[in-house]
Amino acid sequence: MAKRVDLTNTSRSTTRSNKFERLNKAPKKGSSSFLKKIGRLLFYIWISTIVAVVLFKFIPVYFTPTMASRKIDALMDGEPSKIHSQWSSYEEIDRNCALAVIASEDQLFPEHHGFDFEAMGTALIKNQKGKRIKGASTISQQVAKNVFLWQGRSYFRKALEAYFTLLIEFIWGKERIMEVYLNVAETGKMTFGVEEACRRFYGHTAADVSTTEAARIAACLPNPIRFSIKNPSGYVSKRTSYIKRQMSALGGKKFLRNL
């Protein structure tokens, strides 16, 4: 006698098996959609950074994250929060200012492509030995940080700084980088740029700055809150003399022809 087959149970089992296979083969729409949104967001952020760099190649940089930070700190401390800044074009600023900051901050500025790798290597060795992260920032890196980023000492911010440094080196060029630096560098308490520094502390415009005055501004750049342009300490005076000698050793204003 032939064995009876339960077609009903077989059919149900086959149906469940087919449903299980379809579920396994079905794409996970939720995670895929999320990843696409993240990718699209990152793409838009990347495009916006390039657009911002291109725009700032042509328009003055009137306000920076550093200025905003100083203003917020002053408001929280109940101190005067007015930002003193006056944009001037590169042609309106005496070349002594550019020469002084190069002599003081970054003598390889005309030659490098945004980074001083020898100085960075030295800083990396020191960072491995100490707790504080110390940089070896070029003028290009300082501009990238001041215009597009926040102040801080983290490797993540340094990575973003490197990215923006490459962009401005490629899109702006040396003269524009120097022009922006001379206008956004912090030169005193709530004071930014060499034009405003000359007006507040010397009583004239940056077009009339002397070699000594330009060197003194550069001498205060490492810590413009602590060091005073108007009332220089002994250290600032000694550093001013050193920077003047370096300006002369570089060849004077003729050195800037390489920008």
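In full-length UniProt numbering, the protein residues as written are 1 to 259.
For glycine and all other residues, C-beta sits at the position ideal for the given N, C-alpha and C.
Since the structure is predicted, the reported quantities are computational estimates derived from the model, not experimental observations.
* Who does G188 pair with in a DSSP beta bridge? -> T191
* To do: State the Cα-Cα distance for the pair C97 and T212, rounded to the nearest angstrom.
  => 10 Å
* Asked: Are the beta-carbon atoms belonging to E161 and Y90 less than 7 Å from one another?
  -> no
* Quick one: what does DSSP say S81 is sitting in, helix, strand or coil? -> coil
* Would you decide whether L23 is buried or exposed? Buried here means 16 or more other CB atoms lie within 10 Å of its CB. => For L23, the pLDDT reaches just 49, beneath the cut-off of 50, and the residue's location in the model is therefore unreliable, leaving the point undetermined.
* **T212: first and last residue of the uninterrupted alpha helix (DSSP H) it sits in** => T211 to C220
* To do: Reducing DSSP to helix, strand and coil, say where T205 ends up.
  => coil
* Between D208, K230 and N258, which lies nearest to F201 when the distance is taken from Cα to Cα? -> K230
* Asked: When DSSP labels each residue in this structure, what does K131 get in the three-state scheme?
  -> Confidence at K131 is low in this model, with a pLDDT of 49, below 50, so the placement of that residue should be treated as unreliable; the coordinate-derived value is given next. Of the three classes helix, strand and coil, the one that applies to K131 here is coil, per DSSP.
* Sequence-distant residues of its chain with Cβ nearer than 8 Å to K253 (five each side left out) -> R95, N96 and L99
* Distance between K145 and I133 (C-alpha atoms, nearest Å) -> Confidence in I133 is poor, its pLDDT being 48 and thus under 50, which makes the residue's placement unreliable; the coordinate value appears in the next sentence. Roughly 15 Å separates the two Cα atoms.
* Taking A74 as the reference, which of K158, A103, K189 and L42 has the closest Cα? -> K189
* Which same chain residues, not among the five before or five after K71, have their C-beta less than 7 Å away from its C-beta? -> S81 and I83
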